[in-house]
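Residue numbers (my numbering), protein chains in the order written: chain A, 17 to 143; chain B, -14 to 94.
Backbone N, C-alpha and C define an ideal beta-carbon position, used for all residues, glycine too.
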């Protein structure tokens, strides 16, 4: 788009009455932004593997800290939520499930499913 | 960074999301058989088959998806053109650095 700078900007979030659907939409952006900030951790992991045994051992020791484990668990919840909500958005993009009923039901399903995925992944890989 | 029409970027965002879902499933199933705490198991897993190439593609797609998402957020919430340009420069530089870093590290492994 040539005149991108003249596009109307997004309305301020605080003028809306909070609803489940709008909250999930905002949460999608927030989780996406937060996950972007945590991407360097993935690179740190690859970096430590390439450096060698001692660097990797240091990383493993840091990751065994409970605070780090909690951060990883929150990241897992953010990732699973962002992924499931993204699938929901793609279903909408295809023109399906645009009713309020579908949106509300899938919103609750996503919150619960994200929790279950986080629980499974955390038990297997984090704790 | 990607000077493409908005429609194309929108499609790339969706396609990259689909690939991330697939790669995540591959990644979780693949590392299920190893202990990530063990350095030698981890490095052998990365070296095995085409795992390092797949990991690079995975990190590239994740960074691409992240870049497109951050572009939308900056476009929507940063209204000052001067700050918007600064944020874009910082974001693009970091993304290029991250892609290069993962490529170099996986090549060295």
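- Residue 52 of chain B sits close to residue 80 of chain B, with the two beta carbons spaced by under 8 Å.
- With the criterion set as a beta carbon lying under 8 Å from some beta carbon of chain A, the members of the segment 47 to 67 of chain B are 47, 48, 51, 54, 55, 58, 60, 61, 62, 64 and 66, in sequence order.
- Separation of residue 57 of chain A and residue 137 of chain A (C-alpha to C-alpha, rounded to the nearest whole angstrom) is 17 Å.
- Taking each of A:73, A:125, A:76 and A:64 in turn and checking the Cα distance to residue 104 of chain A, the smallest one comes out for A:125.
- Annotation: the continuous alpha helix (DSSP H) that includes residue 117 of chain A extends over 116 to 137.
- Classified as buried, residue 99 of chain A has 16 or more neighbouring CB atoms from the shown chains inside 10 Å of its CB.
- Runs of the alpha helix (DSSP H) spanning 4 or more residues and lying entirely within the segment 42 to 82 of chain A occur at 69 to 79, in chain order.
- Sequence-distant partners of residue 76 of chain B (beyond 5 residues in either direction) whose C-beta falls short of 6 Å from its own C-beta, in its chain, are 55.
- DSSP places residue 1 of chain B inside the alpha helix (DSSP H), whose first and last residues are -9 to 16.
- Contact check for residue 47 of chain A against residue 94 of chain A passes: the beta carbons are separated by less than 8 Å.
- Ranked by how close their Cα comes to the Cα of residue -2 of chain B, the residues A:65, A:114, A:127 and A:106 have A:106 in first place.
- In terms of Cβ geometry, residue 15 of chain B and residue 94 of chain B do not form a close pair [threshold 8 Å].
- The beta carbon of residue 73 of chain B sits closer than 7 Å to the beta carbons of 59 from its chain, once the five residues preceding and following it are set aside; these are given in chain order.
- In this structure the segment -12 to -3 of chain B does not lie against the segment 112 to 130 of chain A, because fewer than three pairs of beta carbons, one per stretch, are closer than 8 Å.
- Counting only the Cα atoms, residue 116 of chain A lies some 26 Å from residue 0 of chain B.
- Rounded to whole angstroms, the gap between the alpha carbons of residue 20 of chain B and residue 55 of chain A is 22 Å.
- Residue 40 of chain A and residue 89 of chain A have their C-alpha atoms some 19 Å from each other.
- In this structure, residue 62 of chain A and residue 90 of chain B form a Cβ contact; the two beta carbons are roughly 5 Å apart against a cut-off of 8 Å.
- In the DSSP assignment, residue 60 of chain B falls within the unbroken alpha helix (DSSP H) covering 36 to 62.
- Of all residues in the segment -4 to 17 of chain B, only -1, 2, 3, 5, 6, 9, 13, 16 and 17 place a beta-carbon less than 9 Å from a beta-carbon of chain A.
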